[in-house]
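Heads up, the thing below is written out as structure tokens.
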Amino acid sequence: MKTSRMNRTNKWPYLFITPYFLFYAVFSLFPIFFTLYLSFTDWDLFGNKNFVGFDNYVQLFMHDKFFWTSLWNVLVFIACYLPALVLIGMLIASLIESKLIRRKTFFRLSFFSAYMTTPVAIGIIFALLFDWQGGFVNNLFIELGWIQDKVNWLGSPAWARWIVIMMIFWKNLGYFIMFYAAGMASIDTSIYEAAEIDGASAKSVFFRITIPLLKPINLFLIITSIIGGLQLVEEPMLLYSGWASGTSMTGGPDGSVFTPIWYMFDASFSGSSFKYGKGAAIAYSTFLFIALFSLMGIKWLNRDGDST
Amino acid sequence: MKTQKWLLIIVLTVVSLLFLFPFYMMFAMGTYYSEALFKKLPILPSGYLLDNLKTILSADFLRTYWNSFYVAVLFTFVSVLMSALTGFAFGKYEFKGKKWLYGFILLTMMIPGQLGLIAFVMEMKWFHLNNSHAPLIIAGLNNAFCVFFMTQFVQSSVPMEVVESARIDGCTEPGIFSRIVIPFLLPAISTLGLICFLGSWNNYLLPLVTINKPELYTLPLGIANLSTRYRTDYSASILGLTLGTLPLIVLFLFGSKTLVRGLTGGAVKG
Numbered sequence: 016m017k018t019s020r021m022n023r024t025n026k027w028p029y030l031f032i033t034p035y036f037l038f039y040a041v042f043s044l045f046p047i048f049f050t051l052y053l054s055f056t057d058w059d060l061f062g063n064k065n066f067v068g069f070d071n072y073v074q075l076f077m078h079d080k081f082f083w084t085s086l087w088n089v090l091v092f093i094a095c096y097l098p099a100l101v102l103i104g105m106l107i108a109s110l111i112e113s114k115l116i117r118r119k120t121f122f123r124l125s126f127f128s129a130y131m132t133t134p135v136a137i138g139i140i141f142a143l144l145f146d147w148q149g150g151f152v153n154n155l156f157i158e159l160g161w162i163q164d165k166v167n168w169l170g171s172p173a174w175a176r177w178i179v180i181m182m183i184f185w186k187n188l189g190y191f192i193m194f195y196a197a198g199m200a201s202i203d204t205s206i207y208e209a210a211e212i213d214g215a216s217a218k219s220v221f222f223r224i225t226i227p228l229l230k231p232i233n234l235f236l237i238i239t240s241i242i243g244g245l246q247l248v249e250e251p252m253l254l255y256s257g258w259a260s261g262t263s264m265t266g267g268p269d270g271s272v273f274t275p276i277w278y279m280f281d282a283s284f285s286g287s288s289f290k291y292g293k294g295a296a297i298a299y300s301t302f303l304f305i306a307l308f309s310l311m312g313i314k315w316l317n318r319d320g321d322s323t
Numbered sequence: 368m369k370t371q372k373w374l375l376i377i378v379l380t381v382v383s384l385l386f387l388f389p390f391y392m393m394f395a396m397g398t399y400y401s402e403a404l405f406k407k408l409p410i411l412p413s414g415y416l417l418d419n420l421k422t423i424l425s426a427d428f429l430r431t432y433w434n435s436f437y438v439a440v441l442f443t444f445v446s447v448l449m450s451a452l453t454g455f456a457f458g459k460y461e462f463k464g465k466k467w468l469y470g471f472i473l474l475t476m477m478i479p480g481q482l483g484l485i486a487f488v489m490e491m492k493w494f495h496l497n498n499s500h501a502p503l504i505i506a507g508l509n510n511a512f513c514v515f516f517m518t519q520f521v522q523s524s525v526p527m528e529v530v531e532s533a534r535i536d537g538c539t540e541p542g543i544f545s546r547i548v549i550p551f552l553l554p555a556i557s558t559l560g561l562i563c564f565l566g567s568w569n570n571y572l573l574p575l576v577t578i579n580k581p582e583l584y585t586l587p588l589g590i591a592n593l594s595t596r597y598r599t600d601y602s603a604s605i606l607g608l609t610l611g612t613l614p615l616i617v618l619f620l621f622g623s624k625t626l627v628r629g630l631t632g633g634a635v636k637g
């Protein structure tokens with residue numbers, strides 16, 4: 016009985032998964048391997064297809080200031096916004112989830128709305144808010160008397176970085192809050208009641224109970240943020256796409272907000288170069304660093320188990 | 368306790384309003400006359416909404432809207448169908464090589480999406496699919512995350528007895544999938560559908576490198592190019608931004624619970 020049923024059904028699972036694997040092979044696996052091959056060639060739009068070995072990588076790692084700048088930039092961004100997202104995210108989530116707040120949905124929604132917004136729109140809104148001549152921020156600060164002359168926010172490398180960090184923070188805080196709120200809701204309330212009976216202060220409950228119990232969520236959020244953060248591209252790209260006055264430049268002032276994936280796009284698809292080989296090498300090098308930093312992150316978060 | 372509560376509410380309200388502010392600015396700025404936009408602080412909405420709307424509508428914006436909409440619908444449809452089918456096979460059958468194949472899917476989930484992009488774009492050119500919407504929809508055919516999500520859901524929510532009894536009643540395997548399993552999957556389908564729709568609607572990079580005909584532009588691309596096409600009319604362009612974000616907000620208001628459950632479901636488990 017059992018074998019006959021197996022015989023009748025055993026071709027079906029294969030038939031059901033075949034389309035997916037077929038499409039995956041053609042539209043994902045092949046491009047991934049072909050990009051690897053491209054990275055060892057000088058392939059471009061103009062007909063070069065020579066195998067050049069590790070030339071692209073040597074060029075990138077030894078002689079390319081832009082690559083290291085772009086990598087450094089995204090690491091600086093992550094180092095600034097990630098701790099802030101984790102701490103402030105947990106704090107606000109615990110405020111929203113506390114027994115005193117009834118209308119939780121409104122707060123959750125207002126923070127989360129930024130996460131839904133098209134990254135393109137976020138880049139453009141911030142470009143307009145920080146516009147040199149007519150931007151809202153300059154006008155407001157002058158009105159309030161905080162500054163005398165208009166500040167060229169987007170023209171200064173240091174401010175440009177802070178603006179990008181702020182954008183990412185603004186965009187992702189709601190996402191973090193969502194996760195923390197979901198995690199806090201799933202913590203057994205009897206643990207809190209026991210702590211209350213034992214006379215634990217709100218502070219020590221937060222640090223000794225809430226944070227340790229949120230560890231799996233933190234692991235997930237931090238690792239995915241590192242992976243996503245190294246691939247940052249749309250927000251800074253749109254910030255400097257020419258919406259605000261004089262901001263049409265690749266990488267921002269002095270390349271201060273240049274990112275690896277932006278570099279990849281610039282090398283392979285921008286008007287003048289179309290160097291697929293170089294772009295492919297950038298893609299693979301970035302991937303290497305993504306793997307490296309996420310492994311480091313996992314190691315660090317799992318170091319002994321009682322903190323974070 | 369009472370003062371503490373009100374303090375908390377006030378703090379949270381102030382912070383969340385601060386977070387909504389850039390949004391609000393976007394809405395407000397879209398209602399201004401372009402010349403007035405940069406002269407004073409555009410805090411309160413002005414009366415130019417309809418004029419700006421006219422400018423936008425005359426600028427082929429509706430076509431861009433439609434492009435984005437139908438691409439997102441098709442993308443969502445193929446992603447959900449493909450992942451439901453694959454997830455059903457992984458969740459409810461035993462077959463040789465299943466462990467390896469599923470492990471392979473989990474492994475590919477870790478690969479960043481940008482890695483194969485350059486070759487994907489070249490491939491699309493070889494197939495003469497560049498400058499069409501096909502690449503944007505094809506991208507939905509092989510989403511490892513969706514398959515993972517569906518497999519989890521199939522395992523936990525489709526009772527094996529139901530599948531078995533349908534089989535005994537003589538239902539064919541495809542019939543079991545379409546008539547028995549799909550109804551069980553509806554919650555997962557709506558969650559995944561929302562996530563996929565959001566992803567496609569917001570996608571900027573792929574259309575940027577595969578499409579260069581303005582009549583094929585999707586919203587993010589159209590919005591990014593509004594400034595170069597209608598340089599003089601800032602507020603109309605900003606209204607374009609607002610209109611591009613609006614459907615997401617509506618979608619979110621109706622589906623926030625589902626969406627949040629879907630996004631957090633993988634990481635938060637009891």
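Chains as they are written, first to last, in the working numbering: chain A, 16 to 323; chain B, 368 to 637. Note that CB positions come from ideal geometry on N, CA and C, so glycine has one too.
Pairwise C-alpha distance: residue j and residue i
{"i": "N592 of chain B", "j": "Q522 of chain B", "result": "45 Å"}
{"i": "Y291 of chain A", "j": "I202 of chain A", "result": "50 Å"}
{"i": "L610 of chain B", "j": "P28 of chain A", "result": "44 Å"}
{"i": "I180 of chain A", "j": "M105 of chain A", "result": "19 Å"}
{"i": "A217 of chain A", "j": "K580 of chain B", "result": "59 Å"}
{"i": "L496 of chain B", "j": "D281 of chain A", "result": "22 Å"}
{"i": "N569 of chain B", "j": "I485 of chain B", "result": "20 Å"}
{"i": "M16 of chain A", "j": "F121 of chain A", "result": "At M16 of chain A the pLDDT is 39, less than 50, meaning the model places this residue with poor confidence; the figure from the coordinates comes in the next sentence. Each residue's Cα considered, the two are about 57 Å apart."}
{"i": "K421 of chain B", "j": "V67 of chain A", "result": "55 Å"}
{"i": "S545 of chain B", "j": "F38 of chain A", "result": "21 Å"}
{"i": "L307 of chain A", "j": "L44 of chain A", "result": "22 Å"}
{"i": "Y278 of chain A", "j": "L473 of chain B", "result": "29 Å"}
{"i": "P98 of chain A", "j": "I547 of chain B", "result": "47 Å"}
{"i": "V530 of chain B", "j": "I543 of chain B", "result": "7 Å"}
{"i": "I562 of chain B", "j": "L75 of chain A", "result": "36 Å"}
{"i": "A296 of chain A", "j": "K372 of chain B", "result": "55 Å"}
{"i": "L169 of chain A", "j": "T625 of chain B", "result": "38 Å"}
{"i": "A173 of chain A", "j": "F386 of chain B", "result": "23 Å"}
{"i": "I305 of chain A", "j": "K314 of chain A", "result": "14 Å"}
{"i": "K465 of chain B", "j": "N510 of chain B", "result": "18 Å"}
Counted within 10 angstroms of its Cβ, other Cβ atoms place residue i as buried (16 or more) or exposed
{"i": "R117 of chain A", "result": "exposed"}
{"i": "E528 of chain B", "result": "exposed"}
{"i": "N434 of chain B", "result": "buried"}
{"i": "T539 of chain B", "result": "exposed"}
{"i": "K336 of chain A", "result": "Since the displayed chain A opens at 16 and closes at 323, residue 336 of chain A lies outside it and no answer follows."}
{"i": "V488 of chain B", "result": "buried"}
{"i": "V378 of chain B", "result": "exposed"}
{"i": "D536 of chain B", "result": "exposed"}
{"i": "K463 of chain B", "result": "exposed"}
{"i": "M477 of chain B", "result": "exposed"}
{"i": "P134 of chain A", "result": "buried"}
{"i": "M199 of chain A", "result": "buried"}
{"i": "P251 of chain A", "result": "buried"}
{"i": "S19 of chain A", "result": "Only weak support is given to the placement of S19 of chain A: the predicted model assigns it a pLDDT of 43, under 50, and the value that follows is read from those uncertain coordinates. When all chains shown are included, S19 of chain A counts as exposed."}
From the options, residue whose alpha carbon lies closest to that of residue i
{"i": "K331 of chain A", "options": "A:A196, A:A129, A:Y39 and A:I140", "result": "Residue 331 of chain A lies beyond the stretch modelled for chain A, which goes from 16 to 323, so this question has no answer here."}
{"i": "Q519 of chain B", "options": "B:A555, B:L417, B:T625 and B:L387", "result": "B:A555"}
{"i": "E461 of chain B", "options": "A:D281, A:A282 and A:I32", "result": "A:I32"}
{"i": "M602 of chain B", "options": "B:I377, B:T370 and B:A395", "result": "It should be pointed out that residue 602 of chain B corresponds to Ser in this sequence rather than to Met. Among B:I377, B:T370 and B:A395, the Cα nearest to that of S602 of chain B is on B:A395."}
{"i": "N80 of chain A", "options": "A:F127, A:N167 and A:F273", "result": "Looking at the sequence provided, one finds Lys at residue 80 of chain A rather than Asn. The shortest C-alpha separation from K80 of chain A is found at A:F273."}
{"i": "I549 of chain B", "options": "B:Y399, B:M517, B:T370 and B:A439", "result": "B:M517"}
{"i": "F61 of chain A", "options": "A:F48, A:S283 and A:V135", "result": "A:S283"}
{"i": "G312 of chain A", "options": "A:L234, A:G294, A:I276 and A:L253", "result": "A:L234"}
{"i": "S401 of chain B", "options": "B:F386, B:I547 and B:S413", "result": "B:S413"}
{"i": "I103 of chain A", "options": "A:T204, A:F191 and A:L303", "result": "A:F191"}
{"i": "R430 of chain B", "options": "B:L620, B:I616 and B:L588", "result": "B:L588"}
Near the ligand GDP: residue i beta-carbon under 8 Å from a heavy atom
{"i": "P412 of chain B", "result": "Questions concerning the ligand GDP fall outside what the structure shown contains, since it holds no ligand whatsoever."}
Close beta carbons around residue i, own chain, < 8 Å, minus the five adjacent residues each side
{"i": "L508 of chain B", "result": "V445, S446 and M449"}
{"i": "K369 of chain B", "result": "none"}
Same chain only: Cβ atoms within 7 Å of residue i, ignoring 5 sequence neighbours per side
{"i": "P502 of chain B", "result": "M491, L496, L573 and T577"}
{"i": "L575 of chain B", "result": "L588"}
Own chain partners of residue i with C-beta closer than 6 Å, once the 5 adjacent residues on each side are dropped
{"i": "A443 of chain B", "result": "Here residue 443 of chain B turns out to be Thr, not Ala, going by the sequence shown. Cβ neighbours of T443 of chain B beyond the five flanking positions: G560, C563 and F564."}
Q. For the segment 76-107 of chain A, which residues have a beta carbon sitting closer than 8 Å to at least one beta carbon of chain B?
A. I107
Q) Which residues, taken in chain order from the segment 572-591 of chain B, show a beta carbon closer than 9 Å to some beta carbon of chain A? A) L572, L575, V576, L586, P587, L588, I590 and A591
Q: Give, in chain order, every residue of the segment 27-38 of chain A whose Cβ lies closer than 7 Å to some Cβ of chain B.
A: W27, P28, Y29, F31, I32, P34, Y35 and F38
Q: Please name the residues in the segment 239-253 of chain A whose beta-carbon is closer than 9 Å to at least one beta-carbon of chain C, in chain order.
A: Among the chains of the structure shown, chain C does not appear; the protein chains present are A and B.
Q.
Closer than 8 Å between beta carbons: that is the criterion. Which residues of the segment 179-196 of chain A meet it against chain B?
A. W185, L188, G189, Y190, M193 and F194
Q. Mind listing which residues of the segment 282-297 of chain A have their C-beta closer than 7 Å to chain B's C-betas, in chain order?
A. S283, F284, Y291, G294 and A295
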